[in-house]
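Q: Numbering (the numbering used here), first residue to last: 15 to 258.
Structure below.
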């Protein structure tokens, strides 16, 4: 199981590099169902691994001009505040409740991505009024259930920020890094983090995210969005079924 979890580490990084999210939706189940950690430890580990890997992945996207700094500065600080608050709120939730909420959010996000008809262009007015509160909302969910938030950040940046899918992916990685930092800080007095495993897992995830970031410019955007939606749908159904 330990070896299998390290294989998943690469896949987590790959999904982050390609999709700007999805890493946490794989990381939390791996830490809970494969490695055997309790939910809160798994969530803290997920935030650390995904946040660190996202930082390295964002450097590649920055080089490819796929990062919108303005959007990151609008979305990021509120997401950081929300992530810390969510991590503190986690103390009042059972493991089963956290995982059920985690799966439910994934299913809603999948539906949202399937039904969204945005054409990935810069046309239209950027809706800052809609975008800013979502930063806080995504941050709270990140801290509470261990998601980096990419599966919510990406569609928000596409629809309300009017970014292309490629730019949304790159910008999402910056925001995930930001909210993961405060999310981990919010959990440190609640769990004992296995740091040696965390560093090894993160190293393999970084290799995966560099691979995904290199491939993103060669994959059609519509296929990326469809793959994103299918992935989180499958994982959401699996986790919800496991808890029910």
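Note that CB positions come from ideal geometry on N, CA and C, so glycine has one too. Because the structure is a prediction, the values reported are computed rather than measured.
#1: If we count the other Cβ atoms within 10 Å of its Cβ and call it buried at 16 or more, is residue 28 buried or exposed?
#2: What's the gap between the Cα of residue 268 and the Cα of residue 232?
#3: Who are the Cβ neighbours of residue 67 in its own chain at under 8 Å, not counting the five residues just before and after it?
#4: When the Cα atoms are used, what is the spatial distance from residue 255 to residue 226?
#5: Cβ of residue 191 within 8 Å of Cβ of residue 72?
#6: State whether the stretch 172 to 186 contacts the stretch 72 to 87, with contact taken as three or more CB pairs (one from each stretch) at a distance under 8 Å.
#7: Could you tell me the alpha carbon to alpha carbon distance between residue 168 and residue 44, rounded to whole angstroms?
#8: Which residue's Cα is closest to the Cα of residue 23: 107, 246, 211?
#9: Only counting the same chain, and skipping five residues up and downstream in sequence, which positions put a Cβ closer than 7 Å to that of residue 18?
#10: What's the gap between the Cα of residue 70 and the Cα of residue 193?
#11: Where does residue 129 land, buried or exposed, given buried means 16+ other C-beta within 10 angstroms?
#12: With 16 other CB atoms within 10 Å as the buried threshold, where does residue 248 fall?
#13: Can the beta-carbon of residue 155 be found closer than 8 Å to that of residue 100?
#14: My parser needs the alpha helix (DSSP H) runs of 4 or more residues fully inside the stretch 26 to 110; what are they?
#15: Straight-line CA distance for residue 213 to residue 202?
#16: Please state whether the Cβ-Cβ distance between residue 93 and residue 160 is less than 8 Å.
A: The relevant details are as follows:
#1: Walking along the chain shown from the start, residue 28 turns up at place 14. Here residue 28 is buried. Its C-beta has 16 or more other C-beta atoms within 10 Å.
#2: Only positions 15 to 258 of the chain appear in the structure, and residue 268 is not among them; the question remains open.
#3: Here residue 67 refers to the residue found at position 53 when the chain shown is read from its first residue. 26, 27, 30, 37, 216, 219, 220, 222, 223, listed in sequence order.
#4: The residue labelled residue 255 in the question sits at position 241 within the chain shown. The residue labelled residue 226 in the question sits at position 212 within the chain shown. For residue 255 and residue 226, the distance between alpha carbons rounds to 29 Å.
#5: The residue you call residue 191 lines up with position 177 of the chain shown. The residue you call residue 72 lines up with position 58 of the chain shown. Yes. Within cutoff.
#6: yes
#7: Working through the chain shown from its first residue, we reach residue 168 at position 154. Working through the chain shown from its first residue, we reach residue 44 at position 30. Here the alpha carbons of residue 44 and residue 168 stand approximately 23 Å from one another.
#8: Your numbering for residue 23 matches position 9 in the chain shown. When each option's Cα is compared against that of residue 23, the closest is 211.
#9: The sequence position of residue 18 within the chain shown is 4, counting from 1. These residues qualify, in order along the chain: 48.
#10: Position 56 of the chain shown, counted from the start, is the residue given in the question as residue 70. Position 179 of the chain shown, counted from the start, is the residue given in the question as residue 193. Cα to Cα, the separation comes out at about 15 Å.
#11: Position 115 of the chain shown, counting from 1, holds the residue named residue 129. Residue 129 should be labelled exposed.
#12: Your numbering for residue 248 matches position 234 in the chain shown. By the Cβ-count criterion, residue 248 is exposed, with fewer than 16 other Cβ atoms from all chains shown falling within 10 Å of its own Cβ.
#13: Translated into the one-based positions of the chain shown, residue 155 becomes position 141. Translated into the one-based positions of the chain shown, residue 100 becomes position 86. In contact: residue 155 and residue 100 (Cβ atoms closer than 8 Å).
#14: Within the stretch 26 to 110, the alpha helix (DSSP H) runs of at least 4 residues that lie entirely inside it are, in chain order, 37 to 43, 53 to 77, 83 to 103.
#15: Along the chain shown, read from residue 1 onward, the residue named residue 213 stands at position 199. Along the chain shown, read from residue 1 onward, the residue named residue 202 stands at position 188. Looking at the two C-alpha atoms, the distance is approximately 16 Å.
#16: In the chain shown, residue 93 corresponds to position 79, counting from 1. In the chain shown, residue 160 corresponds to position 146, counting from 1. No, they are not a contact pair.
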